[in-house]
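Everything below concerns the one structure shown next.
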Amino acid sequence: MEYSFENEEYRKMYRHSCAHIMAQAVKRLYPEVKLAIGPAIENGFYYDIDAPFAFNPEMLDKIEEEMRAICREKLPIVRSELSRDEALELMKDESYKIELINDLPDDAVISFYRQGEFIDLCAGPHLDSTGRVKGNAIRLLSCASAYWRGDPDRKSLQRIYGTAFPKKEELERYLLRLEEAKRRDHRKLGKDLGLFLLMDEGPGFPFFLPKGMILKNTLIDYWRSVHKRYGYQEISTPMMLRRDLWERSGHWQHYKENMYTSVIDGTDFAIKPMNCPGGMLVYRSVQHSYKDLPLRVGELGLVHRHELSGTLHGLFRVRCFTQDDAHIFMTWEQMRDEIKNVIRLFDEVYSVFGLSYQIEVSTMPEDHMGEVEVWDYATDTLKAACEDMGKSYVINEGDGAFYGPELDFHLADSLGRTWQCGTIQLDMQLPERFELEYIGADGQKHRPAMIHRVVFGSIERFIGVITEHFAGAFPLWLSPVQAIVLPITDRASGYAEKIRSHLEDSGFRAEADLRPEKLGYKIREAIAQKIPYMVIVGDRDIENETVSVRHRSGEDMGAMSIDSFEALLKEEIESRMIK
RNA sequence: GCCAAUGUGGCUCAGGGGUAGAGCAAUUCACUCGUAAUGAAUAGGUCGUGGGUUCGAUUCCCACCAUUGGCUCCA
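With the first sequence counted from 1, adding 7 to any position gets you this note's numbering.
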């Protein structure tokens, strides 16, 4: 193994050993606790602990201090293998470990790792000594609860999250990145920039403010223009539909606890949690020929889902959101090309936002419907389409929907965090359930294949993602206010207002700050609002008929005519430049 | 939904059994200023909601609501 943090295997081993060191420290300080499990994760490690009290930040500091002591003690970490009986005897006071041992298969090697007085059931591997861990580059970050084995019916344990690096500077860099992420939190920016609100009266139901609406509508205008170019039509299906539709689609049986329902004139209705069933009705409403296919039908549908209260999170996880949905009906032969067409569209859209992505292929889950051969064909087609497009992918085994395999697009933002937005799902169930048909060249009825896809995923979530990605400093074409005119003195107020209305008449979103404040103050506020251009006007500009332009980045672009400024804006908007 | 923490003026936060305080924002006045905070004055809060304990609760207790961090789930 390469002993470098660049090497994922080594990084995991290092942090796994940190998890053991943390467990040892906890046991030294609080001998009454029982240990569950403690793995390395993406950016650190955690340990689940059953304690009769709650850990607080001061306790985490103490544990961290003890961990440093354990590192200084340079305890050798020694592996041993025991028989099942010996293992059970050794762990007789650790009920969770006993459960783990009992669940191991008969032929399993049961290994332990000892460091000083501490010994833990573990498959390993580990570092050879606690001295290998850099004590001052460990940080315990938070504690939260987690269910034993992820089962909500089982006991809730306390999880301590921590991270560790081989150098203190690297830890500090990581902590800075966490702070930066916090600074970019879309919930904070959404409030500061006047984009949206979440209120007690509507948990999970966001309110969009005027500036947020500009953002949302601009995204939607863009979405429409792209989809038109890619041959999509657009429909809108009702928010609320009768129970028998949801029974036919299967939602009433499988998704009812997430649906808002009502009784109207003695009949059950449900608010749509998905757009597909309505889309199926539209397809069925007329007879289709093979010449109509592929038929691409988009819908920006507002859906409502009763998500658990504890899962709500800003715009990332809400109870009502707009899916930028589309259903594509096609023959099985057209599927591969059609998926490529969708990937091309995704490529175009994501690159406009400067978001890169990784594709995951989610395959047949254990609990699925339909023939295995059909699943195999569908999954192979998804993979083949990716390969044709030169896209690499990773397999997410068994993570597909029960009705078909899917491609998931995980977007990486400017901080390297990933968000699942786009998906391309093959649906092998709905065409059956709704008995969709088209008339083939042979004059016979055939069943079409169907793709269900979203690019943004949810407009609301996507707004959250790009708010954090751009730290609120949206590209000019998306900025709710594109330019703000700042008169230096009252003498320039009239000229400022003239410039503002000129900009507005030319189709730009412009404001003017006419308050009798100093220029520096107005600039400070405009930058806090992430307004791309500040148009400063004073006596000199009035005299020369110019505007003095400053970009939010701090760049002073000097004086220019209003026409050249507008030409510059136009160019930046039309190219959807990220600046 | 579960576990834990939190909830004080528009925002960020301090305080604490004897009915609240700061900074920023707001309003008014003065200043008329060339690239990240001009000064002064004024106004603004039934301390999340509902019960309970108490002579007295914003403070202690209980319930509920919401938020935050997780679990679970997912666009």
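Each residue gets a CB set at the ideal place from its N, CA and C atoms; glycine is no exception. No experiment lies behind these values; they were computed from the predicted model shown.
Distance between residue 98 and residue 104, taken at the CA atoms: about 6 Å. Its Cα nearest to that of residue 583, the residue 486 stands out among 486, 507, 548 and 133. Here residue 188 carries a helix assignment [DSSP, helix/strand/coil]. By the Cβ-count criterion, residue 115 is exposed, with fewer than 16 other Cβ atoms from all chains shown falling within 10 Å of its own Cβ. Within the same chain, and ignoring the five residues on either side of residue 286 in sequence, the residues whose Cβ sits closer than 8 Å to its Cβ are 242, 244, 304, 306, 332 and 334.
With respect to the C-alpha of residue 362, the residue from 419, 580, 339 and 368 having the closest C-alpha is 419. A direct Cα-Cα distance of roughly 10 Å separates residue 280 from residue 253. The residues 338, 445, 446, 447, 448 and 453, in chain order, have a CB closer than 8 Å to that of residue 297 in the same chain once the five nearest residues on each side in sequence are set aside. Beta-bridge annotation (DSSP): residue 54 is paired with 167. Counting only residues of its own chain and dropping the five nearest sequence neighbours on each side, residue 143 has a CB closer than 6 Å to the CB of 175.
For residue 469 and residue 345, the gap between their C-alpha atoms comes out near 24 Å.
As DSSP reads the structure, residue 427 sits in a beta bridge with 417. Non-local beta-carbon contacts of residue 563 in its own chain, meaning distances under 6 Å to residues more than five positions away in sequence, involve 557 in chain order.
The C-alpha of residue 289 lies about 10 Å from the C-alpha of residue 283. Contact between the segment 56–68 and the segment 28–43 is present, with at least three C-beta pairs closer than 8 Å. For residue 137, there is no enclosing beta strand (DSSP E), as DSSP gives it neither H nor E. Less than 8 Å divides the Cβ of residue 416 from the Cβ of residue 366.
A direct Cα-Cα distance of roughly 13 Å separates residue 50 from residue 14.
Residue environment: residue 127 is assigned as buried (16 or more neighbouring CB atoms within 10 Å of its CB, all protein chains considered). In this structure, the alpha-carbon of residue 424 lies about 44 Å from that of residue 295.
Going by DSSP, residue 365 is part of no alpha helix (DSSP H) but of the beta strand (DSSP E) stretching over 363–369. Between residue 493 and residue 542, the CB-CB gap stays under 8 Å.
It is roughly 21 Å from the alpha-carbon of residue 353 to the alpha-carbon of residue 408. Around the beta carbon of residue 318, fewer than 16 other beta carbons lie within 10 angstroms, which makes this residue exposed. Taking one beta carbon from each stretch, the segment 387–394 and the segment 229–243 have fewer than 3 pairs nearer than 8 Å; the two do not touch.
Under the three-state reduction of DSSP, residue 322 is assigned to coil, being neither helix nor strand. Going by C-alpha positions, residue 269 is about 6 Å away from residue 277. If the five residues before and after residue 308 are omitted, its C-beta is found closer than 6 Å to the C-beta atoms of 282, 330 and 332, all from its own chain and listed in chain order.
When DSSP reads this structure, residue 541 sits in a beta bridge with 491 and 557.
One thing to note: residue 325 has its Cβ no nearer than 8 Å to the Cβ of residue 201. Residue 77 counts as buried, since no fewer than 16 other beta carbons sit within 10 angstroms of its beta carbon. Residue 527 and residue 560 have their C-alpha atoms roughly 15 Å apart.
Secondary structure in the segment 89–155: the alpha helix (DSSP H) runs of 4 residues or longer, each lying completely within the stretch, are 91–97 and 102–110 in chain order. Residue 357 is not a Cβ neighbour of residue 313, given a cutoff of 8 Å. Residue 34 is positioned such that its CB atom lies no closer than 8 Å to that of residue 119. With 16 or more other CB atoms across the displayed protein chains lying within 10 angstroms of its CB, residue 170 is buried.
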